[in-house]
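Enquirer: Here's a structure for you.
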Amino acid sequence: MSFQLSKQHLCVRTAFAATLLAISACGGVDEETMVCGGNGEMHGDHCHCNSGYELTEDETSCVQAPEPRPNNEQTPSNQTSDSLDFNPSNPRGATTTAEDGTRVWLVEAIDGATALTIELYEAYGGPTTAGVVEMIQRETSYATCGTCLILRTGCVAHNDHMDCQKSFMPRAEGQMEIQTLGMSPGQRLSGSLSDLVFQEVTIGSRGQTNPVTGGELFELNSWPFNVRLEALNGPEEACGGHGQLHGDHCDCDPGYRRDPQDPMRCIPG
Numbered sequence: 487m488s489f490q491l492s493k494q495h496l497c498v499r500t501a502f503a504a505t506l507l508a509i510s511a512c513g514g515v516d517e518e519t520m521v522c523g524g525n526g527e528m529h530g531d532h533c534h535c536n537s538g539y540e541l542t543e544d545e546t547s548c549v550q551a552p553e554p555r556p557n558n559e560q561t562p563s564n565q566t567s568d569s570l571d572f573n574p575s576n577p578r579g580a581t582t583t584a585e586d587g588t589r590v591w592l593v594e595a596i597d598g599a600t601a602l603t604i605e606l607y608e609a610y611g612g613p614t615t616a617g618v619v620e621m622i623q624r625e626t627s628y629a630t631c632g633t634c635l636i637l638r639t640g641c642v643a644h645n646d647h648m649d650c651q652k653s654f655m656p657r658a659e660g661q662m663e664i665q666t667l668g669m670s671p672g673q674r675l676s677g678s679l680s681d682l683v684f685q686e687v688t689i690g691s692r693g694q695t696n697p698v699t700g701g702e703l704f705e706l707n708s709w710p711f712n713v714r715l716e717a718l719n720g721p722e723e724a725c726g727g728h729g730q731l732h733g734d735h736c737d738c739d740p741g742y743r744r745d746p747q748d749p750m751r752c753i754p755g
């Protein structure tokens, strides 16, 4: 089972190969000529729509969901929220270097029909060292977040992916503390989320994020995570593709040696 992750020029799709959680579809093609109007995927005789879109009556296309709130308007603070009891059994993590040379990290955790994804993008101002990240306004939208927290509910496995009914992103409150931020596969990513309020949102095809009028709210008081990083699908491999991981270091192939700055990589020498 491998990871795939990309957030470039607001054309975004985040996934496990076997537990795909579709966020959006790439634009640039006449939507009328695209399957499901370019806003979903065909499954049998009906569409599974991306977040922010809903089925047409004939179930063969996806259209923008109605009644979004303005992007900078939160659900009223006096609305009742539910406590989120989240206890995933096997969270997974991955990392890679993007085409522009910046770093990307992913944590995905699934508890029954609820999935939580942490996506860190250096290119969007996400953290590159241990520390505390406050959930300020830019982190509430998938179009602008560098520390992206996406909660999904009503998830059901479907072949090689999961279809989820609702999406949530944090309000501008709470924080994420990063204790360990590994730079290579085999290292660790650990920390905790605290005092978060997730509000129901729609996420459009270009990452635009709007709170849903009267949508659900979930409070996440605390959730610790500690994952061993895998390599995302792409050019990067464990030990730089020139050795084998053994615990906290690489055994390098002939002609290569451990990087003195990073024992999880092999360099010529």
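Residue numbers (the numbering used here): 487 to 755.
Ideal Cβ positions, reconstructed from N, Cα and C, are used throughout, including at glycine.
Which value, in whole angstroms, describes the spacing of the CA atoms of A643 and I596?
Expert: 11 Å
Enquirer: Using the Cα positions of T714 and M528, report the straight-line distance between them to the nearest angstrom.
Expert: Reading the sequence as shown, one finds Arg at residue 714 and not Thr. One alpha carbon belongs to R714, the other to M528, and they sit about 34 Å apart.
Enquirer: Could you tell me the alpha carbon to alpha carbon distance between E625 and P740, rounded to whole angstroms?
Expert: 45 Å
Enquirer: E605: buried (16+ other C-beta within 10 angstroms of its C-beta) or exposed?
Expert: buried
Enquirer: In whole angstroms, what separates the C-alpha of S678 from that of T603?
Expert: Separation of S678 and T603 (C-alpha to C-alpha, rounded to the nearest whole angstrom) is 13 Å.
Enquirer: Here's the rule I'm using: 16 or more other beta-carbon atoms within 10 Å means buried, otherwise exposed. How should S575 be labelled?
Expert: exposed
Enquirer: For D586, which residues in the same chain have their Cβ closer than 7 Å to its Cβ, ignoring the five residues on either side in sequence?
Expert: A609, listed in sequence order.
Enquirer: Who does F654 pair with in a DSSP beta bridge?
Expert: L637 and E686
Enquirer: Taking its Cβ as the centre, do 16 or more other Cβ atoms sit within 10 Å of I664, making it buried, or is it exposed?
Expert: Under the 10 Å beta carbon count, I664 is surrounded by 16 or more other beta carbons and is classified as buried.
Enquirer: Do you know whose CA, among Q673, G598 and H532, lies nearest R751's CA?
Expert: Q673
Enquirer: Sort F684, E702, L675 and R692 by Cα distance to S708 and report the nearest one.
Expert: If we check each option's Cα against that of S708, F684 comes out closest.
Enquirer: DSSP three-state call for A616: helix, strand or coil?
Expert: coil
Enquirer: Pull up the distance between the alpha-carbon of S567 and that of A629, whole angstroms please.
Expert: S567 and A629 have their C-alpha atoms spaced approximately 25 Å apart.
Enquirer: Looking only at DSSP bridge pairs, what is T583 linked to?
Expert: R589
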